[in-house]
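Notes to accompany the following structure.
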Amino acid sequence: MVNDERRRHLQSQLSFSTQNQTGTLYLVPTPIGNLGDMTFRSVDVLKRVDLIAAEDTRNTQKLLNHFEIETSQISFHEHNTQERIPQLVAKLKAGQNLAQVSDAGMPSISDPGHELVVACIEAGIPVVPLPGANAGLTALIASGLDPQPFYFYGFLDRKAKLQTEELSELKTRSETLIFYEAPHRLAKTLTRLAKILGDDRTASLCRELTKRHEQFIRGTLEELLNWASTSDRVRGEFVIIVNGNPDGNATVKTADFSNLSIEDHVDQLMATGLKPNQAIKEVAHLRGMRKQEVYQIFHHLDQN
């Protein structure tokens with residue numbers, strides 16, 4: 001039964017209702033390289049809104065100039081998020097329509113945007129997403145690796161110790177893994193990927209997607225590391241697609257847990273290297289339960 005706490009937070013909102021009393025926040029993807037990937041709808045929305053919240057106004061202005069868009073901009077990036085959100089929400093409440101864009105690709109995917117979306121949802125402001133370019137999925141479908149299921153991770157932590165911990169948690173995942181990386185960190189990241197996931201794991205490097213020098217380098221992690229260590233073409237942003245572990249969490253999912261208590265089931269998954277919250281989430285998935293319910297049972301919390 002759905003409890004009262006969840007029922008109070010249930011929200012249903014029509015994106016294009018004429019009864020909305022506020023403005024609308026449009027999440028507008030921008031090209032990841034080739035300007036020809038800008039959609040007609042995205043151009044139209046950017047022309048019609050009252051204001052564009054941009055990650056880098058100088059970068060976005062080049063895009064606006066190309067499509068003859070004269071809408072004003074306001075900066076919205078990771079360093080001014082807390083300052084800007086109340087201002088933008090106030091404008092939306094006053095009836096203005098806003099578009100939010102990142103420098104390239106989908107807003108909120110490894111770029112600013114999520115916090116503004118949450119604030120708008122809490123304020124009852126419609127949030128309308130537009131489909132468009134995304135580097136991770138673009139690379140995935142041409143990688144030659146299994147496109148589904150996949151696990152999008154984005155950027156790994158820059159600190160070696162934390163990156164090692166992240167990869168140690170990911171090494172048993174059976175899904176195809178998607179990472180982003182900058183060219184100057186590529187070799188170091190591939191070194192840790194090969195060491196922790198296994199140098200014989202198949203993978204694909206995808207660089208300069210949709211641009212003139214678009215390139216795919218496919219092979220094992222060891223071969224990709226050798227390429228990155230010797231090539232003079234380690235330039236541009238990279239997407240790293242890595243084959244999942246065929247002997248990873250797939251074996252755990254098919255194991256018989258019918259005789260295990262919730263606590264023992266979580267403990268069993270933790271023994272494979274999962275952190276407590278990951279194990280709790282997996283048990284909830286396998287048993288068709290709510291994560292919060294498993295959490296309460298495992299930690300012996302009062303469920304009343």
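Residue numbers (the UniProt record's numbering): 1 to 304. Heads up, the beta-carbon is just placed ideally off N, CA and C, and yes, glycines get one too. Here the structure is a predicted model, which means the values were calculated and not measured.
Please state the DSSP three-state secondary structure of residue i.
| i | result |
| --- | --- |
| G219 | strand |
| E181 | strand |
| S75 | strand |
| Q100 | strand |
| T272 | coil |
| A54 | strand |
| L145 | coil |
| V45 | helix |
| F298 | helix |
| G113 | coil |
If residue i and residue j are in contact, beta carbons under 8 Å, what's the gap, nearest whole angstrom?
| i | j | result |
| --- | --- | --- |
| L193 | L221 | 5 Å |
| S204 | I217 | 7 Å |
| T22 | L92 | 5 Å |
| residue 325 | V128 | The first residue shown for the chain is 1 and the last is 304, placing residue 325 beyond what the model contains. |
| Q82 | Q73 | Going by Cβ atoms, the distance from Q82 to Q73 rounds to 19 Å, so no, they are not a contact pair. |
| Q278 | E169 | 7 Å |
| P112 | F152 | So it is not a contact: roughly 17 Å between Cβ atoms. |
| A139 | I241 | 6 Å |
At a cut-off of 8 Å, would you count residue i as near the ligand ZN, judging by its Cβ distance to the nearest heavy atom?
| i | result |
| --- | --- |
| T230 | The ligand content of the structure shown is nil, which means the ligand ZN is not present either. |
Buried or exposed: residue i, going by 16 or more other Cβ atoms within 10 Å of its Cβ?
| i | result |
| --- | --- |
| Y295 | buried |
| D141 | Note on identity: in this sequence residue 141 is Ile, with Asp being the wrong assignment. By the 10 Å Cβ count, I141 comes out exposed. |
| S102 | buried |
| G288 | exposed |
| L145 | buried |
| E181 | buried |
| E55 | buried |
| E175 | buried |
| S17 | exposed |
| F150 | buried |
| A160 | exposed |
Within 9 Å (strictly less), CB to CB, does residue i reach chain C?
| i | result |
| --- | --- |
| F216 | Absent here is chain C; the protein component of the structure consists of one chain. |
Can you tell me which residues form a DSSP beta bridge with residue i?
| i | result |
| --- | --- |
| T176 | F150 |
| V155 | The question names Val, yet the displayed sequence has Phe at residue 155. Note: F155 sits in a beta bridge opposite Y180. |
| P129 | L27 |
| I240 | F179 and L205 |
| G105 | T30 |
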